[in-house]
Amino acid sequence: VSVINPALGKAFAQSEGLRNKTDTVDARMLAEFCRQKRPAAWEAPHPLERALRALVVRHQALTDMHTQELNRTETAREVQRPSIDAHLLWLEAELKRLEKQIKDLTDDDPDMKHRRKLLESIPGIGEKTSAVLLAYIGLKDRFAHARQFAAFAGLTPRRYESGSSVRGASRMSKAGHVSLRRALYMPAMVATSKTEWGRAFRDRLAANGKKGKVILGAMMRKLAQVAYGVLKSGVPFDASRHNPVAA
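Written as structure tokens, this is what we have:
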């Protein structure tokens, strides 16, 4: 059994010139897609990975809710404030409980705990980010190489070029998992501003004419690739090993 991105199936159907959409047409189209493309067989995630991902998703949902309630305090009427304040207190307590549950879950498994410590050796990456990364990388080597993981997170550049006349600016593809991009945003900010390794990376790109958002996106991609690298090698982060110049 293989699991594919629905967008790939839709694009393939369009490339085949299919006009109709029925169960029979879809079944034949998917069979032809598999015959031509040979997608990799799907492997069920480890139960520990499923549990960690569920907790991470819940934590992100409550974090969003907390932000929404904080924003409401700016315009709320006085009569609404007690309810908002009570909800904020509950959300903060629940977020702390989830964070402890996530830590306990990873601490209870030696392999998961070791992988978490490897990730937290990377400048800018702390407990919350390492949990999100582990939730999607898991305990097995799901990705063939670092760039494949960066692409899974939607962090690889997308080029728009045609012949010699069309030269669009490269942009982050964002054709990947938004949770990973969200998780790496603040670590990239911290790394480029507060760590020697990250500042060297930032300064090199700035010297080549790159601007703030481009540098930040490149740092997010670099962190994803380094995260894959430390997990693949089993060796903690070493600035001399992970060249800050290469993106």
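Under our numbering, the first residue of the sequence shown is numbered 1, with each subsequent residue one higher.
Don't be surprised by glycine CBs; every beta carbon is placed ideally from N, CA and C.
- For Gln225, the enclosing alpha helix (DSSP H) begins and ends at 212-233.
- Beta-carbon to beta-carbon, Ile122 and Val230 are separated by about 7 Å, close enough to satisfy the 8 Å threshold.
- Using a C-beta cut-off of 8 Å, the stretch 78-88 makes no contact with the stretch 187-204, since fewer than three inter-stretch Cβ pairs fall below that distance.
- Arg77 has its alpha-carbon roughly 44 Å from the corresponding atom of Asp107.
- Membership of Ile102 in the alpha helix (DSSP H) is indicated by the continuous run 81-107.
- Taking all protein chains in view, the Cβ of Arg115 is crowded by 16 or more other Cβ atoms within 10 Å, so the residue is classified as buried.
- The three-state reading of DSSP puts Asn208 in coil, since its state is none of H, G, I, E or B.
- Per the coordinates, the alpha-carbon of Leu89 lies some 24 Å from the alpha-carbon of Gly126.
- In chain order, Ile122, Gly124, Ile125, Leu184, Pro187, Ala188, Ala191 place their CB closer than 8 Å to the CB of Leu223, counting only its own chain and leaving out the 5 sequence neighbours on each side.
- Within the same chain, Val1, Ser2, Val3 come within 7 Å of Trp42 by CB-CB distance, once the 5 residues on both sides are set aside.
- The beta carbon of Leu70 lies closer than 8 Å to those of Leu88 in the same chain, with the five residues before and after it left out.
- In this structure, Lys232 places its C-beta atom within 9 Å of the C-beta atom of Asp141.
- Taking all protein chains shown into account, Ser130 has 16 or more neighbouring C-beta atoms within 10 Å of its C-beta and is therefore buried.
- Boundaries of the alpha helix (DSSP H) around Ile137: 127-137.
- If one requires a minimum length of 4 residues, the alpha helix (DSSP H) runs lying completely within the stretch 20-50 are 23-37, in chain order.
- In the structure shown, Phe201 falls within a helical segment according to DSSP collapsed to helix, strand and coil.
- Scanning its chain for C-beta atoms nearer than 8 Å, with the 5 sequence neighbours on each side dropped, one finds around Glu120 the residues Gly126, Glu127, Ser130, in chain order.
- By a beta-carbon distance limit of 8 Å, Met220 contacts Leu155. Their separation comes to about 6 Å.
- When secondary structure is reduced to three states using DSSP, Asn71 falls in the helix class.
- The Cβ-Cβ distance between Arg28 and Ala135 does not fall below 9 Å.
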